[in-house]
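Only one structure is covered here, and it is reproduced in the block below.
Number of protein chains: 2
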Amino acid sequence: MLEPKLVHHASNTISRGQRPGDVRRVNRATALELLRERPQGRAELARAMGLSKPALGGLITDLTLEGLVLEHPPTAIARGRHPAPLQVNAKRFSVLGVHLASYGLEVGLYDALGVQQDVLYAPSHVGQGATRVLAQVIETSRALMARAKKLKIGQVIALTIATPGPLDSARGVVLGPPKFPDLKGMNLKLKLEQALGLPVKLERDVNAAATGHLRQTKAGSFVYILMTGPGIGASVIINRAVYRGTHGFAGEFGHVSLDPNGLACPCGNRGCLERYASSEAIEQHYKKRTRKTLPIDEIASRTRDGDPHGLAVFDAAGDAIGLAAVTLVNLFDPSQLVLASSGKNFTDLLTPSLKRQLTKRAYPYLNLGAQLEIENVTLEHPVAPGAAECVLEAIYQGEITIPKLKTEVVMG
Amino acid sequence: MLEPKLVHHASNTISRGQRPGDVRRVNRATALELLRERPQGRAELARAMGLSKPALGGLITDLTLEGLVLEHPPTAIARGRHPAPLQVNAKRFSVLGVHLASYGLEVGLYDALGVQQDVLYAPSHVGQGATRVLAQVIETSRALMARAKKLKIGQVIALTIATPGPLDSARGVVLGPPKFPDLKGMNLKLKLEQALGLPVKLERDVNAAATGHLRQTKAGSFVYILMTGPGIGASVIINRAVYRGTHGFAGEFGHVSLDPNGLACPCGNRGCLERYASSEAIEQHYKKRTRKTLPIDEIASRTRDGDPHGLAVFDAAGDAIGLAAVTLVNLFDPSQLVLASSGKNFTDLLTPSLKRQLTKRAYPYLNLGAQLEIENVTLEHPVAPGAAECVLEAIYQGEITIPKLKTEVVMG
DNA sequence: TTCTTTTGTTAACTAAGTTTACTATAACCT
DNA sequence: AGGTTATAGTAAACTTAGTTAACAAAAGAA
Numbered sequence: 152m153l154e155p156k157l158v159h160h161a162s163n164t165i166s167r168g169q170r171p172g173d174v175r176r177v178n179r180a181t182a183l184e185l186l187r188e189r190p191q192g193r194a195e196l197a198r199a200m201g202l203s204k205p206a207l208g209g210l211i212t213d214l215t216l217e218g219l220v221l222e223h224p225p226t227a228i229a230r231g232r233h234p235a236p237l238q239v240n241a242k243r244f245s246v247l248g249v250h251l252a253s254y255g256l257e258v259g260l261y262d263a264l265g266v267q268q269d270v271l272y273a274p275s276h277v278g279q280g281a282t283r284v285l286a287q288v289i290e291t292s293r294a295l296m297a298r299a300k301k302l303k304i305g306q307v308i309a310l311t312i313a314t315p316g317p318l319d320s321a322r323g324v325v326l327g328p329p330k331f332p333d334l335k336g337m338n339l340k341l342k343l344e345q346a347l348g349l350p351v352k353l354e355r356d357v358n359a360a361a362t363g364h365l366r367q368t369k370a371g372s373f374v375y376i377l378m379t380g381p382g383i384g385a386s387v388i389i390n391r392a393v394y395r396g397t398h399g400f401a402g403e404f405g406h407v408s409l410d411p412n413g414l415a416c417p418c419g420n421r422g423c424l425e426r427y428a429s430s431e432a433i434e435q436h437y438k439k440r441t442r443k444t445l446p447i448d449e450i451a452s453r454t455r456d457g458d459p460h461g462l463a464v465f466d467a468a469g470d471a472i473g474l475a476a477v478t479l480v481n482l483f484d485p486s487q488l489v490l491a492s493s494g495k496n497f498t499d500l501l502t503p504s505l506k507r508q509l510t511k512r513a514y515p516y517l518n519l520g521a522q523l524e525i526e527n528v529t530l531e532h533p534v535a536p537g538a539a540e541c542v543l544e545a546i547y548q549g550e551i552t553i554p555k556l557k558t559e560v561v562m563g
Numbered sequence: 152m153l154e155p156k157l158v159h160h161a162s163n164t165i166s167r168g169q170r171p172g173d174v175r176r177v178n179r180a181t182a183l184e185l186l187r188e189r190p191q192g193r194a195e196l197a198r199a200m201g202l203s204k205p206a207l208g209g210l211i212t213d214l215t216l217e218g219l220v221l222e223h224p225p226t227a228i229a230r231g232r233h234p235a236p237l238q239v240n241a242k243r244f245s246v247l248g249v250h251l252a253s254y255g256l257e258v259g260l261y262d263a264l265g266v267q268q269d270v271l272y273a274p275s276h277v278g279q280g281a282t283r284v285l286a287q288v289i290e291t292s293r294a295l296m297a298r299a300k301k302l303k304i305g306q307v308i309a310l311t312i313a314t315p316g317p318l319d320s321a322r323g324v325v326l327g328p329p330k331f332p333d334l335k336g337m338n339l340k341l342k343l344e345q346a347l348g349l350p351v352k353l354e355r356d357v358n359a360a361a362t363g364h365l366r367q368t369k370a371g372s373f374v375y376i377l378m379t380g381p382g383i384g385a386s387v388i389i390n391r392a393v394y395r396g397t398h399g400f401a402g403e404f405g406h407v408s409l410d411p412n413g414l415a416c417p418c419g420n421r422g423c424l425e426r427y428a429s430s431e432a433i434e435q436h437y438k439k440r441t442r443k444t445l446p447i448d449e450i451a452s453r454t455r456d457g458d459p460h461g462l463a464v465f466d467a468a469g470d471a472i473g474l475a476a477v478t479l480v481n482l483f484d485p486s487q488l489v490l491a492s493s494g495k496n497f498t499d500l501l502t503p504s505l506k507r508q509l510t511k512r513a514y515p516y517l518n519l520g521a522q523l524e525i526e527n528v529t530l531e532h533p534v535a536p537g538a539a540e541c542v543l544e545a546i547y548q549g550e551i552t553i554p555k556l557k558t559e560v561v562m563g
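Protein chains in written order, with the working numbering: chain Y, 152 to 563; chain F, 152 to 563.
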């Protein structure tokens, strides 16, 4: 058995001092985040941030000079002088969001606000070797970048590639997974950066999807659960940031064991949730009951039409996820559970039994399970836009630098 | 069934702007933390914090004027001018750490460095009603404060009371637990503040113990597991801070379910870890095997002498904790697992089987379980000093204000 | 037209850093 | 003994990025 030397990544907690520059960096990022949520005037933004109007004014002047923020003519709202709405310049630059899944590849082009402008899908070459897969990713990305030039949109400046874990996000190396071993050990980040000439971030598919969800919600802490074919992954969001754990492996929800003597799982454990409640497991259970091999979408659609076998298998899967979720709630105490699936969403079929288990078993003494909010994500492709959101976040936080505008303002 | 309205506490993530004052607050706290770890000179501290020497000098001048930091005559170390060692003034003030357990009460007196100066134990009055328990806590604390006056030590300025959860730490209200219902609904914080005239913090016993452990370790993220009589609680430490979850209920490790159809637990779930592996469960299992009713300490001691029944029951308990820990590792990916028990430590008897389960079942693909570090805490009373550490942290971070010195320096 | 309200800017001030230069020690080496 | 070198701490001038107070600009209301 190989024994990879695991590296600790979680913020090394260097007790460092702060300087005035840190203040500016934080305020800059905060201002951009708030403006991305909703365009607004200087005064309103200053209030939202708890800063004085002059301080915020200066910040905006900087951002405007960099071309990141645009000012529009005032619009009538209320009494008094009308605010000049500031908004993030959607065309200042653009990014790619890449979703490399075992079943296929999706590359999307997104403007600076994260709105999709173009997208390309490609059938999977997984199983044909790492070189082939890598080439496919590079080709598709280049194709999209070529098409981007014809659109009136800012230059592509960075990308995130999202793929199933485990990964070493910091170094950009793919470490697995057992079921998708082609890329194992490849430094995907480095190869892509060299081939495309752009900064690249590597991210777990679930974390990307959850990051995308952050744009849609105001909740600060939640658990995002993504069901993709054979797997069930979770992303734990704490204070609006992905919680990664020491090695970046946090959130392996699919391997919560429901039965220590249950079915063996390639992960090495037994009775893992994935074996009972993943899309593939649901398909298998349905087949066992009906002798029919149907894709999950079809099973879901029949279930909505009242198919009792469908109801039974979804109910059982919901029970299983519910049991695992009880553990999750006991350990994390999240405010919300977000359920997503790739492809047509079917998680709403899981929620009744899931909710039942939670109500019955998660701290009933305090009614915790009953009060837990459950949200179903209806997006069919949550990962690629989420990947885009990951780079955007890095860009707006100043981790990735934005190339300067040519029309630079020079002081006389 | 009562349905308490749960309040979300987890940092409300108000996207607030930063000001220069925030910089100072952070740097001040960081400097004190580093000095608490080890006395050192200005230059060294400046390097550790990444600040310039003059900046740090100013910070120290402030702290010295407040009496929080003392400067000692230089001591020979190396070549060049010798640094004047700065250290936190242990006698500037003192605090109380209170551990209210179902089996008894412990109140300790700690100096500003967290070193115990005095301690009082009292037999439990739990079961005799909330008023009685409260009176006992107040009496014992007053007694210790009276004794403190005779010691040459700073004034007692605050205290933390640690008790089993669930709690509403922010408001200071005890919400449970099922097994220790006397105080349910009482605002312990408020009552103690009124009776003792000091700021009071209420904290989960496990969180207090884990906070205490933070002083002993450099690890940034770990899970601290505390076995107390009937319960097994965990405190999740992320970036050297307790992770609380949305309502402050994170870390209910004892209620990870090992078997959805297992033994019923008062928590409402079935097959909870506590029912298999708590000290009380171990005692019961031992009794079942041997017909002897012995306290856990005695069983542990016999096990060390080779008692096969003891070996068997500890092994089984370690297996159970190991299974639950696999889930914990899958979800949190901690760097370390810290095991503690109140009373004579016996967790070393659990580690062999625990480690075995982890190695076998926690991400064997990446050898995660095998590489997870397990640490046994040998302290017999980890909670009270941990409680003291909680207040100290709050004080040094500026959340609790330190009364001014009488010998105030006044500018001419 | 004038009043009121709200936005955004200007000017002067404050907080808390940084850099550069200097002084104070102390060890080491002729 | 006295210069050299290394290190610690302080002083002065400067920089960054806030704050407050005052005011100009814009727009609806009286």
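The beta carbon of each residue, even a glycine, is placed where N, CA and C say it ideally should be.
Applying the 10 Å Cβ sphere with the 16-neighbour rule, what's the burial state of Tyr254 (chain Y)?
exposed
By the 8 Å beta-carbon criterion, what residues does the region 504-520 of chain F contribute toward chain Y?
Lys511, Arg512, Ala513, Tyr514, Pro515, Tyr516, Leu517, Asn518, Leu519
From Asp448 (chain Y) to Val528 (chain Y), what distance separates their C-alpha atoms?
15 Å
Using only the alpha-carbon positions, how far apart do Pro319 (chain Y) and Leu343 (chain Y) sit?
In the sequence on display, residue 319 (chain Y) carries Asp and not Pro. Going by the C-alpha atoms only, they are around 15 Å apart.
With respect to the beta strand (DSSP E) encompassing Gly248 (chain Y), which residues constitute its N-terminal and C-terminal limits?
245-252
Helix, strand or coil: which one does DSSP assign to Val374 (chain F)?
strand
Strictly below 9 Å CB to CB, what residues from chain F border Gly327 (chain Y)?
Tyr516, Leu517
For Cys416 (chain F), which of helix, strand or coil comes out of DSSP?
coil
Since Gly564 (chain Y) and Leu424 (chain Y) should fall inside the 8 Å C-beta cutoff, what is the C-beta to C-beta distance between them, to a whole number of angstroms?
An answer regarding residue 564 (chain Y) cannot be provided, because it is not within the stretch 152 to 563 covered by chain Y.
Consider the Cβ of Gln169 (chain Y): report whether some Cβ of chain F lies at a distance smaller than 7 Å.
yes
Would you be able to state if there are at least three C-beta pairs under 8 Å between the region 249-264 of chain Y and the region 224-236 of chain Y?
no
Specify the secondary structure class of Val561 (chain F) as computed by DSSP and reduced to three states.
Residue placement at Val561 (chain F) is flagged as unreliable, the pLDDT there being 42, under the threshold of 50; the coordinate-derived value follows with that caveat. DSSP places Val561 (chain F) in coil when its eight states are reduced to three.
Interface residues of chain Y facing Val464 (chain F) [CB-CB closer than 7 Å]
Chain Y residues near Val464 (chain F): none, gap ~18 Å exceeds 7 Å.
Would you kindly check if the distance between the Cβ of Ile304 (chain Y) and the Cβ of Asp262 (chain Y) is under 7 Å?
yes
List the residues that DSSP assigns as beta-bridge partners of Cys130 (chain F).
Any property of residue 130 (chain F) remains undetermined from this structure, which presents chain F solely from 152 to 563.
Buried or exposed (CB count within 10 angstroms, at least 16 for buried), Gly336 (chain F)
exposed
Kindly identify the DSSP beta-bridge partner or partners of Ala392 (chain F).
F:Ile389
Take Asp173 (chain F) as the anchor and find which of F:Pro503, F:Gly549, F:Pro554, F:Phe404 has the nearest alpha-carbon.
F:Gly549
Beta bridge counterpart(s) of Asn358 (chain F) as assigned by DSSP
According to DSSP, which records beta bridges pairwise, Asn358 (chain F) is partnered with nothing at all.
For Pro485 (chain Y) versus Ser408 (chain Y), is the C-beta spacing smaller than 7 Å?
no
For Gly563 (chain F), is the classification buried or exposed, using 16 other Cβ atoms within 10 angstroms of its Cβ as the cut-off for buried?
Residue confidence is low: Gly563 (chain F) scores 32 on pLDDT, short of 50, so the model does not pin down where it sits. No coordinate-derived value is stated.
Using alpha carbons as the reference points, say which of Y:Val325, Y:His223, Y:Leu237 lies closest to Arg568 (chain Y).
There is no way to answer for residue 568 (chain Y), as the model of chain Y reaches only from 152 to 563.
Under a Cβ-count criterion, where at least 16 other Cβ atoms within 10 Å of its own Cβ denotes burial, should Glu354 (chain F) be classed as buried or exposed?
buried
Just verifying my parser: in three-state terms, what is the DSSP assignment at Leu490 (chain F)?
strand
Using a beta-carbon distance cut-off of less than 8 Å, what residues from the region 388-403 of chain Y approach chain F?
Ile389, Asn390, Arg391, Tyr394, Arg395, Gly396, Thr397, His398, Gly399, Phe400, Ala401, Gly402, Glu403
With a cut-off of 8 Å, do at least 3 Cβ pairs link the region 515-527 of chain F to the region 427-437 of chain Y?
no
Hey, which unbroken runs of the alpha helix (DSSP H) at 4 residues or more fall wholly within the region 301-366 of chain Y?
339-347, 356-365
Tell me, please, which residues DSSP counts as bridged to Tyr272 (chain Y).
Y:Glu257
Which of the three DSSP states is assigned to Asn527 (chain F) in this structure?
strand
Per DSSP, what kind of secondary structure is Gln279 (chain Y) in: helix, strand or coil?
coil
Less than 7 Å separating the beta-carbons of Ala468 (chain F) and Ile433 (chain F)?
yes
Nearest-angstrom beta carbon gap, Leu482 (chain Y) and Leu490 (chain F) [assumed within contact, 8 Å]:
In fact, because the Cβ distance is near 17 Å, the residues do not count as touching under 8 Å.
Looking at the secondary structure, which residues open and close the beta strand (DSSP E) in which Val239 (chain Y) lies?
237-239
Using a Cβ-Cβ cut-off of 8 Å (strictly less than) and excluding sequence neighbours within five positions of Val561 (chain Y), which residues of its own chain qualify?
Legend: pLDDT at Val561 (chain Y) = 42, less than 50; position of this residue unreliable, value from coordinates given subsequently. The answer is none, since no qualifying residue turns up.
Gln267 (chain Y) (DSSP reduced to helix, strand or coil)
strand
Distance between His532 (chain Y) and Arg455 (chain Y) (C-alpha atoms, nearest Å):
21 Å
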